[in-house]
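*Asks:* The sequence shown begins at 1 in the UniProt record's numbering and counts up by one.
Using N, Cα and C, we set each Cβ at its ideal position, and we do this for glycine too.
Here the structure is a predicted model, which means the values were calculated and not measured.
One structure is given below, represented as structure tokens, and several questions about it will come after.
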Amino acid sequence: PTDSSSDTEEAAPYLVGVGRADCTGPVAQVPLMGYANPDQVGGGLLSRLYSRAFIVADPEDSKRVVFVSADIGMVSQRVRLEVLKELQSKYGDLYRQDNVILSGTHTHSGPGGYFQYTLFWITSKGLVRPALSSIVSGIVKSIDIAHENMRRGRLFINRGTVENSQINRSPFSYLENPESERSRYSSNTDKEMVVLKMVDEDGYELGLISWFAVHPVSMNNSNHLVNSDNVGYASYLFEQEKNRGMLPGEGSFVAAFASSNLGDVSPNTRGPFCANTGESCDNPQSACPVGGAAMCMAKGPGSDMFESTRIIGQNIYLKAKELYEKASQEVTGPLSSAHQWVNMSNVSVELNATHTVRTCKPALGHSFAAGTIDGVGAFNFTQGSVEGDPFWDQIRDQLLGEPSNETKACHKPKPILFSTGEMSWPHPWHPDIVDVQIAAIGSLAILAVPGEFTTMSGRRLREAVTSEFHSHGTPGMNVVIAGLCNVYTHYITTYEEYQVQRYEAASTIYGPHTLSAYIQLYRGLAKAIALNATEDLPRGPEPPLFNVTSMTLLPSLSAESAPGGKTFGDVLEEVRPEYGEREVAEVTFVGANPRTSAENATEHNFLMVERYSNISRSWHAVLNDASWDTRFYWSKGSGGQSNVTVEWHIPAGTEPGVYRLRYFGHYKKRVSLFRTVTVPFEGSSSAFQITAP
1 PTDSSSDTEE AAPYLVGVGR ADCTGPVAQV PLMGYANPDQ VGGGLLSRLY
51 SRAFIVADPE DSKRVVFVSA DIGMVSQRVR LEVLKELQSK YGDLYRQDNV
101 ILSGTHTHSG PGGYFQYTLF WITSKGLVRP ALSSIVSGIV KSIDIAHENM
151 RRGRLFINRG TVENSQINRS PFSYLENPES ERSRYSSNTD KEMVVLKMVD
201 EDGYELGLIS WFAVHPVSMN NSNHLVNSDN VGYASYLFEQ EKNRGMLPGE
251 GSFVAAFASS NLGDVSPNTR GPFCANTGES CDNPQSACPV GGAAMCMAKG
301 PGSDMFESTR IIGQNIYLKA KELYEKASQE VTGPLSSAHQ WVNMSNVSVE
351 LNATHTVRTC KPALGHSFAA GTIDGVGAFN FTQGSVEGDP FWDQIRDQLL
401 GEPSNETKAC HKPKPILFST GEMSWPHPWH PDIVDVQIAA IGSLAILAVP
451 GEFTTMSGRR LREAVTSEFH SHGTPGMNVV IAGLCNVYTH YITTYEEYQV
501 QRYEAASTIY GPHTLSAYIQ LYRGLAKAIA LNATEDLPRG PEPPLFNVTS
551 MTLLPSLSAE SAPGGKTFGD VLEEVRPEYG EREVAEVTFV GANPRTSAEN
601 ATEHNFLMVE RYSNISRSWH AVLNDASWDT RFYWSKGSGG QSNVTVEWHI
651 PAGTEPGVYR LRYFGHYKKR VSLFRTVTVP FEGSSSAFQI TAP
């Protein structure tokens, strides 16, 4: 227990519940979601993905707010609609589209394939039902756990500055914003972290949510291991510290590191360098003299991507821990939530008394294909193109049809590469109907935004909403942006940043006035909350749920075999008899496709590190596959054969003793011409000694 509530006599103001559930899904063959690189498919596991749910309720009535942060690239409309449907059937009208916020951490190393809009099918091989199902059931399960664990509790808020953990990856776009605006800020990224601490009425610690703007792209697009990246590592460190003696992913304390306005924010703090020459490519086009944009890549602080992930994750964790321990400002007051569906392809925005503008049908610009310094695109497109390329434009016109003059004019100066709002085969390529949502917990307002706001876009939105609350008699609100919520609509830049068409601007799909439209909409929600008039908000047009159950180019799971004279789980390459700390213990087994396990048991654990106890004369689990010290690699051979390698990167301070590595899998066995069955199996390395340093 902490002492932060010992001197308060009055009853705890809220009911609070927290929950965590696995949402990893298939770790092999499914393309990873984030870099849009079709070659980047899953080939194993570094760390598990979790959904973390937090429920705050009014003890006196049925008012509640649910915030979920899931270790996924972004929440898709498909995921949200399916989650709400399940909640409706379990809880009736308790959890609804207005009071449930679903936010993705934006890791780029989770399985894709959980989208209903066609654009996202291209890089994730369609709609992958097992990936979608594990995300939906993981989110629902985390909410179930939080719901079952509700108790009287208190909330405390704190904020502070995180150093050495981010850079602006489009600084030349940022510089387009007015100097008078930029001079009000000390940095071209938001360094502030907001932490919400949760304890029960006896001061027993329940969990925390941290909001901080950084892209979880410390793991780059050469990675094939599923993991939750830097913010996931921060969650892991916090939960390991609070749930002492538990295996990773177990224990009641839940720590979420949620996304915010991270649009132009990279964790790769050494900045962009040419991969071939080593010189800086920090220029408006992010291009290298030799090799162009495809050679320009940002480097993290570590010697490799694994180390960079840990350094950034640890920085974020340490700041959150400090803010958590010192949090003393209590959050009290009523709960409320406001939500609307909006057709974002046609919003009329009043800029001032005389000037009205509109948003556009969705479209992506040429620089979208360039990617960023965190993950470069294909075909050597460059960032900052305000003119089309006749070669690519002609290919596009032949394959996908030419954008209408209306759409071209609406998006100016963006040269359109894909006019997604005018492409509807076999389903629309991009959403028109978008969620806007605010949930208020006393003095804390959470703005659930459907995409990636850049640093300055986020500042403008927070400022507008704060002043809206103020002007309607609710001063001093703590306004935070929760990113990647509810439906994915790519980026939201400022009007000024839009003019130079770097990647973020080319990916601002509803045109140059997207931000102004969102500011107008979120102001409306804030006003409704401040005036207690959320019931009067028009619901707006309901989003479609397309009738696609599964549409995928993934290879089907067929019967598997072990090499001659061997069986599944047999050791092919054995561990050494002895290791010291900071060495890597490694064993290779006759393996099977991990997808078979994921489709058989949602929370399948693939590996264990076990230590032998002389006292009980038995083996005890010390690590599972959720540990960041273990790595699980799957490699497919020919003729239905495959290998699995389990690595344990032995950390400094590991207790000396006798250990072994174990592997748990499932294989498909043919029982007749048309039928296969799934058979579980396991394997173990020989015992090995870890010696004292």
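Please determine if the segment 507-514 and the segment 466-481 are in contact, where contact requires at least 3 C-beta pairs separated by less than 8 Å.
*Replies:* Judged by Cβ distances under 8 Å, the segment 507-514 makes no contact with the segment 466-481, as fewer than three pairs qualify.
*Asks:* Can you tell me which residues form a DSSP beta bridge with CYS274?
*Replies:* As a first step, residue 274 must be located in the sequence shown, where it is residue number 274. CYS296.
*Asks:* Quick check on this structure: which residue in THR382, SER218 and SER266 has the alpha carbon closest to the alpha carbon of MET305?
*Replies:* Residue numbering aside, residue 305 sits at position 305 when the sequence shown is read from its first letter. Nearest option by C-alpha distance: SER218.
*Asks:* Give the single residue among SER616, LYS668 and TYR518 whose Cα lies nearest to the Cα of GLY640.
*Replies:* Translated into positions along the sequence shown, residue 640 becomes position 640. Nearest option by C-alpha distance: LYS668.
*Asks:* Report the option in ASP200, ILE143 and PHE368 whose CA atom is closest to the CA atom of VAL16.
*Replies:* Your numbering for residue 16 matches position 16 in the sequence shown. Closest option to VAL16, Cα to Cα, is ASP200.
*Asks:* When the Cα atoms are used, what is the spatial distance from SER47 to SER627?
*Replies:* On the sequence shown, position 47 is the one that residue 47 refers to. On the sequence shown, position 627 is the one that residue 627 refers to. Rounded to whole angstroms, SER47 to SER627 spans 6 Å at the Cα level.
*Asks:* Under a three-way DSSP split, which group does THR514 fall into?
*Replies:* Taking the first residue of the sequence shown as 1, we reach residue 514 at position 514. The answer is helix: DSSP assigns THR514 an H, G or I state.
*Asks:* Buried or exposed, going by whether 16 or more other CB atoms sit within 10 Å of the CB of TYR14?
*Replies:* By 1-based counting over the sequence shown, the position of residue 14 is 14. Buried is the call here.
*Asks:* Return the first residue and the last residue of the beta strand (DSSP E) that ARG244 is part of.
*Replies:* The sequence position of residue 244 within the sequence shown is 244, counting from 1. Where ARG244 is concerned, there is no enclosing beta strand (DSSP E), given that its DSSP letter is neither H nor E.
*Asks:* Just to confirm my understanding: we take ALA562, look at its own chain, exclude 5 residues before and 5 after, and list those with CB closer than 6 Å. What are they?
*Replies:* In the sequence shown, the residue the question calls residue 562 occupies position 562. Closer than 6 Å at Cβ, skipping near neighbours: PHE568 and VAL590.
*Asks:* Is it right to say TYR495 is buried, meaning 16 or more other beta carbons lie within 10 angstroms of its own, or is it exposed?
*Replies:* Here residue 495 refers to the residue found at position 495 when the sequence shown is read from its first residue. Classification of TYR495: buried, given that the 10 Å Cβ count is 16 or more.
*Asks:* What is the DSSP secondary structure of ASP22, reduced to helix, strand or coil?
*Replies:* Position 22 of the sequence shown, counted from the first residue, corresponds to residue 22. In the structure shown, ASP22 sits in a strand (DSSP, three-state: E or B).
*Asks:* Reducing DSSP to helix, strand and coil, say where GLU192 ends up.
*Replies:* For the purposes of this step, residue 192 is taken as the residue at position 192 of the sequence shown. If DSSP states are grouped into helix, strand and coil, GLU192 belongs with the strands.
*Asks:* Give the list of continuous beta strand (DSSP E) stretches no shorter than 3 residues that lie fully inside the segment 556-636.
*Replies:* Correct list: 571-573, 584-591, 607-613, 618-624 and 630-636.
*Asks:* In terms of residue numbering, what span does the beta strand (DSSP E) encompassing PRO680 cover?
*Replies:* On the sequence shown, position 680 is the one that residue 680 refers to. From DSSP, the beta strand (DSSP E) with PRO680 extends over 676-684.
*Asks:* What are the uninterrupted segments assigned as alpha helix (DSSP H) that are 4 or more residues long and contained completely in the segment 345-422, given in chain order?
*Replies:* Whole alpha helix (DSSP H) segments, 4+ residues: 390-400 and 405-411.
*Asks:* Distance check for LEU537 and ALA528, CA to CA, integer angstroms please.
*Replies:* Start at 1 with the first residue of the sequence shown, and residue 528 comes out as number 528. Start at 1 with the first residue of the sequence shown, and residue 537 comes out as number 537. Spanning the two alpha carbons is a distance of roughly 7 Å.
*Asks:* State the DSSP-derived secondary structure class of SER133, mapped to helix, strand or coil.
*Replies:* As a position in the sequence shown, residue 133 is number 133, starting the count at 1. Reduced to three states, the DSSP call for SER133 is helix.
*Asks:* Excluding the 5 residues flanking GLU682 on each side, which residues of the same chain have their C-beta closer than 6 Å to its C-beta?
*Replies:* Here residue 682 corresponds to residue number 682 of the sequence shown, with the count starting at 1. Correct list, in chain order: GLY569 and PHE664.
*Asks:* By the 10 Å Cβ neighbour count, where 16 or more other Cβ atoms means buried, how is THR24 classified, buried or exposed?
*Replies:* Walking along the sequence shown from the start, residue 24 turns up at place 24. THR24 should be labelled buried.
*Asks:* Suppose you measure from the CA of PHE674 to the CA of LEU461; what does that come to, to the nearest Å?
*Replies:* Residue numbering aside, residue 674 sits at position 674 when the sequence shown is read from its first letter. Residue numbering aside, residue 461 sits at position 461 when the sequence shown is read from its first letter. Their backbone Cα atoms lie some 57 Å apart in a straight line.
*Asks:* Take THR277 as the anchor and find which of VAL487, SER266 and PRO289 has the nearest alpha-carbon.
*Replies:* For the purposes of this step, residue 277 is identified with residue 277 of the sequence shown, where counting begins at 1. The residue with the shortest Cα to Cα distance from THR277 is PRO289.
*Asks:* Let me know the secondary structure DSSP gives HIS525 once reduced to three states.
*Replies:* Residue 525 sits at position 525 when you count from the first residue of the sequence shown. It is worth fixing the name first, because residue 525 is Leu in this sequence and not His. Helix, per DSSP.
*Asks:* State yes or no: is the C-beta of PRO415 within less than 7 Å of the C-beta of HIS366?
*Replies:* Translated into positions along the sequence shown, residue 415 becomes position 415. Translated into positions along the sequence shown, residue 366 becomes position 366. Yes, the Cβ-Cβ distance between PRO415 and HIS366 is below 7 Å.
*Asks:* Name the DSSP beta bridge partners of residue 699, please?
*Replies:* Residue 699 cannot be examined here, being either before or after the span of the chain that is shown, 1 to 693.
*Asks:* Does DSSP put ILE441 in a helix, in a strand, or in coil?
*Replies:* Here residue 441 refers to the residue found at position 441 when the sequence shown is read from its first residue. Three-state DSSP puts ILE441 in a strand.
*Asks:* Measuring only the C-alpha atoms, how far is LYS85 from ILE101?
*Replies:* Here residue 85 refers to the residue found at position 85 when the sequence shown is read from its first residue. Here residue 101 refers to the residue found at position 101 when the sequence shown is read from its first residue. Near 14 Å, if we compare the C-alpha coordinates of ILE101 and LYS85.
*Asks:* Considering only residues of the segment 292-344, which uninterrupted beta strand (DSSP E) runs meet the minimum length of 3 residues and lie entirely inside it, listed in chain order?
*Replies:* With a minimum length of 3 residues, the continuous beta strand (DSSP E) runs that stay inside the segment 292-344 are 296-299, 329-331 and 335-343.
*Asks:* Tell me which residues share the same chain as THR552 and place their Cβ nearer than 8 Å to its Cβ, disregarding the 5 neighbours each side in the sequence.
*Replies:* On the sequence shown, residue 552 is found 552 positions in, with the first residue counted as 1. For THR552, where only same-chain residues beyond five positions count, the Cβ hits under 8 Å are GLY113, LYS125, GLY126, LEU127, VAL128 and ARG129.
*Asks:* Do PHE172 and MET193 have their beta-carbon atoms positioned less than 7 Å apart in this structure?
*Replies:* In the sequence shown, residue 193 corresponds to position 193, counting from 1. In the sequence shown, residue 172 corresponds to position 172, counting from 1. Cβ atoms of MET193 and PHE172: not closer than 7 Å.
*Asks:* Indicate the three-state DSSP secondary structure (helix, strand or coil) for MET74 in the structure shown.
*Replies:* One-based indexing of the sequence shown puts residue 74 at position 74. DSSP places MET74 in coil when its eight states are reduced to three.
*Asks:* Since residue 696 and ILE167 should fall inside the 8 Å C-beta cutoff, what is the C-beta to C-beta distance between them, to a whole number of angstroms?
*Replies:* Residue 696 is absent from the structure shown; the chain starts at 1 and stops at 693.
*Asks:* Would you give the residue range spanned by the alpha helix (DSSP H) that GLY458 belongs to?
*Replies:* On the sequence shown, residue 458 is found 458 positions in, with the first residue counted as 1. Per DSSP, GLY458 belongs to the alpha helix (DSSP H) from 455-471.
*Asks:* In three-state terms, what does DSSP make of ALA36?
*Replies:* On the sequence shown, residue 36 is found 36 positions in, with the first residue counted as 1. Three-state result, ALA36: coil.
*Asks:* Is THR238 buried or exposed, if buried means 16 or more other CB atoms sit within 10 Å of its CB?
*Replies:* Position 238 of the sequence shown, counted from the start, is the residue given in the question as residue 238. First, the residue type needs correcting, since residue 238 is Phe and not Thr in the sequence shown. Buried: at least 16 other Cβ atoms inside 10 Å.
*Asks:* So, with DSSP's three-state summary, where would you put THR654?
*Replies:* Within the sequence shown, numbered from 1, the residue matching residue 654 stands at position 654. Three-state result, THR654: coil.
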